[in-house]
Structures are given as structure tokens and as C-alpha cells.
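In this note's numbering, the protein residues as written are 1 to 292. Ideal Cβ positions, reconstructed from N, Cα and C, are used throughout, including at glycine.
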Amino acid sequence: MDLVDYSFRKASKVTARTRQELALKKVFAVRDAARSYIEKQTEPYELSEFEVALLSTSIDFGKVRREAAHGRTSVRVLRRLADEYEIMIKHAPKMEAAARLRSFYGRAASVLKRVAFSETEKLREEEKKLPRLRKDIPAVLIVGCPNVGKSQLLKQLTGSGVMVAPYPFTTKQILVGVARNGHDEVQLIDTPGLLDRPADKRNKIEARAITALKFLSSRVLFVLDASETCGYTLDEQLHLLDGIKEEFNPRVFLVNAKADLASHDKADFQANLLDRDDCEKLRRALFGWVAH
Ligand SMILES: Nc1nc2c(ncn2[C@@H]2O[C@H](COP(=O)(O)OP(=O)(O)O)[C@@H](O)[C@H]2O)c(=O)[nH]1
Ligand SMILES: [Mg+2]
1 MDLVDYSFRK
11 ASKVTARTRQ
21 ELALKKVFAV
31 RDAARSYIEK
41 QTEPYELSEF
51 EVALLSTSID
61 FGKVRREAAH
71 GRTSVRVLRR
81 LADEYEIMIK
91 HAPKMEAAAR
101 LRSFYGRAAS
111 VLKRVAFSET
121 EKLREEEKKL
131 PRLRKDIPAV
141 LIVGCPNVGK
151 SQLLKQLTGS
161 GVMVAPYPFT
171 TKQILVGVAR
181 NGHDEVQLID
191 TPGLLDRPAD
201 KRNKIEARAI
211 TALKFLSSRV
221 LFVLDASETC
231 GYTLDEQLHL
241 LDGIKEEFNP
251 RVFLVNAKAD
261 LASHDKADFQ
271 ANLLDRDDCE
281 KLRRALFGWV
291 AH
């Protein structure tokens with residue numbers, strides 16, 4: 001939106017009995033409209049480290065800060081200008097009031113023309129698209145090669161309430177579900193296609209999204225498929241796990257899925273994810289692990 005137009009349009013709606021009073025009221029109307037607009041644009045935003053890291057894939061936060069600083073300076077400049085013209089209009093001969101108001105408009109416009117919030121507006125837009133994650137409960141990232149059983153695990157532990165949100169600025173989706181154990185809750189997060197490839201194969205935006213994930217959680221539930229029916233060898237899967245450990249330095253809960261087909265002796269838990277009882281036990285084990 002154009003701040004000059006906006007402020008002047010507000011001033012155009014002002015009425016008064018005398019020319020002098022009208023000029024004064026218009027000066028104040030421009031000052032106040034611009035100030036309230038700028039104050040609204042520079043309101044502090046509450047973003048978590050995760051959200052800031054995620055948004056920094058597309059937002060220049062330095063520019064947002066500079067826009068806010070320039071906006072606040074402009075409010076002060078405009079206030080002084082209004083003070084100056086208040087005196088000038090009050091002391092002007094009646095016929096001069098309109099000319100002095102025009103002069104104020106000219107100077108106010110040149111101040112307001114330079115106020116821009118393009119990056120701030122972009123930030124507010126992108127912020128709306130962020131995945132809605134809860135900040136009040138622990139988060140666990142589900143990681144593993146494709147087809148090992150991650151979606152199956154998420155579905156079994158969180159029920160039908162899995163929420164799919166677009167991952168901003170990538171083509172990827174983020175899947176979030178809340179697992180419950182009595183009154184305890186844990187947020188499980190699956191990021192298909194983001195964490196299942198080696199670091200050097202990712203593009204820049206994906207890499208930044210992954211940086212953001214580090215702020216989100218230091219807990220990883222790694223799903224292993226010892227049966228190798230996923231199409232990846234055990235070695236390949238363990239190599240991915242090593243990479244994740246190196247990158248995140250997380251606490252890791254190692255789950256061997258498809259335990260009906262093969263077991264793995266290093267896993268913290270073995271589960272046939274197609275079996276309800278196994279999933280029930282897995283849920284309790286997961287909450288025990290998170291609590292520690
Ligand atoms: N036999 C068996 N199959 C499983 C198990 N868990 C998942 N699957 C199957 O493995 C395939 C891939 O599972 P999915 O959850 O989509 O894997 P993702 O790519 O890691 O999300 C699906 O056909 C599942 O039905 C399990 O514990 N045992
Ligand atoms: Mg999946």
C-alpha cells in the first residue's frame with residue numbers, strides 16, 4: 001500500500017468550520033495516519049528460532065530491521081514537521097492557511113515516499129504459511145530411508161489427526177501428529193524427502209530448512225528396516241544415521257520396523273508396525289525415552 005495516498009486520503013475526510021482549523025486538522029490527520037500505519041508495520045513479531053531459521057530461506061531479516069528503523073525515524077521527522085506547521089498555520093494570515101498546508105503536504109510526501117515495508121510485508125505473508133507446530137510439547141523428528149515405515153509409524157502412534165502442512169519454500173511437505181500417553185503429549189514430525197538423503201545431495205533451500213529443524217528438536221526417532229525390503233541395504237541406512245548424528249548431534253531412539261520380517265540387535269526397540277500391540281508397546285517406550 002502507498003503510505004502517501006493512505007495518509008492523504010485520511011486527511012481528505014477531515015472537516016472544520018474555518019480554513020485555519022481545517023488546515024491544522026489535516027496536518028494532524030496526516031501525521032496520525034502515518035504514525036499508526038508505521039507502528040502497526042513495526043510491531044514486534046513473535047517467532048521461534050525454528051521459524052526464524054525457516055523463514056530466513058526467503059526473508060532478509062536485516063532488511064526487515066532496517067525498514068522498521070527507517071519507519072520509526074520517519075514518524076519522528078513527521079511529528080517535528082507537524083509541530084513546525086502547526087505554529088506556521090496558527091500564525092499565518094487567514095488567506096495563507098491553504099498555501100501552508102500545501103507546503104506541508106509536499107514535505108510530508110517526500111518523507112513518506114521513502115518509507116517502505118516490502119520485506120516486512122513479505123515476512124507477514126510467509127509467516128501465515130508456516131506449519132503450525134506446537135511449542136508447548138516435546139518434538140521428535142522421524143528420520144529414515146524411504147519406505148522403511150515412517151508414515152506407518154506416525155499413523156499408528158498419532159491416529160488420524162496427522163496434519164499435512166506445506167514446508168515453506170520447498171516442494172516438500174511436513175507431516176505432524178501428536179502422540180498421547182495419559183496426559184503426556186509428544187509431537188511427531190515426518191519430513192519426507194528432506195532428511196533421507198546425504199547432505200551433499202540437497203539443494204540450498206532444503207539445506208536451510210534442515211538447519212531450521214535443528215532448532216525444532218534435538219530428538220530423532222530413527223526408523224531402520226533390517227529386512228531391507230525398503231530397497232536400501234542396512235549399511236546404507238546406518239550411513240544415513242551416521243550423517244544425521246554428525247549434522248544434528250541428536251538424542252537417537254533407534255526403532256527397527258518390520259520386526260515381523262527381520263530383527264536388528266542394536267535397535268532400542270523392535271516393532272512390527274502393522275501390529276497394534278507392538279505399536280502400543282512402542283508408544284510407551286517412546287514416552288519413556290522422551291521423559292529421560
Ligand atoms: N511387514 C511390514 N511392513 C511394514 C511395516 N511397516 C511398514 N510396512 C510397509 O512398508 C511400506 C512403506 O511404509 P511407509 O510407512 O510408507 O514408509 P515411509 O516411506 O518410511 O513413510 C508400506 O507398504 C507399509 O505397509 C512393518 O512393520 N512390517
Ligand atoms: Mg512416508
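Sub-8 Å separation of residue i and residue j beta-carbons
i    : j    : result
L98  : A23  : Residue 98 is actually Ala in this sequence, not Leu. A contact, by the Cβ cut-off of 8 Å.
L354 : R31  : The shown model of the chain, from 1 to 292, leaves out residue 354, and the question about it has no answer.
L141 : I189 : yes
E119 : K204 : no
I87  : V27  : no
S56  : A33  : no
V255 : P138 : no
Nearest-angstrom beta carbon gap, residue j and residue i [assumed within contact, 8 Å]
i    : j    : result
A212 : F50  : 5 Å
T229 : L273 : The pair is not a contact, with the Cβ atoms about 12 Å apart (cut-off 8 Å).
V178 : E185 : 5 Å
A271 : D265 : Incorrect: roughly 15 Å between the Cβ atoms, too far for contact.
D268 : F253 : 5 Å
L194 : K172 : 5 Å
I59  : E121 : I59 to E121, Cβ: 11 Å. No contact.
V294 : G144 : As displayed, the chain neither begins before 1 nor continues past 292, which places residue 294 out of reach and without an answer.
D235 : G149 : Contact doesn't hold; Cβ gap of about 18 Å is too wide.
Any non-hydrogen atom of ligand 2 closer than 7 Å to residue i Cβ
i    : result
S160 : no
K172 : no
D225 : no
P250 : no
D190 : yes
Buried versus exposed call for residue i [16 or more other C-beta atoms within 10 Å across all chains shown]
i    : result
E67  : buried
P131 : buried
R35  : buried
L249 : In the sequence as presented, Leu is not what sits at residue 249; that position holds Asn. It counts as exposed.
T233 : exposed
R208 : buried
R219 : buried
beta-carbon residue i near ligand 4 non-hydrogen atom, thresh 7 Å
i   : result
I87 : With respect to ligand 4, the structure offers nothing, as its ligand set consists of ligand 1 and ligand 2.
Can you tell me which residues fall inside 6 Å of ligand 1, judged by beta-carbon distance to its nearest heavy atom, and keep chain order? G144, P146, N147, V148, G149, K150, S151, Q152, A257, K258, D260, L261, N272, L273, L274
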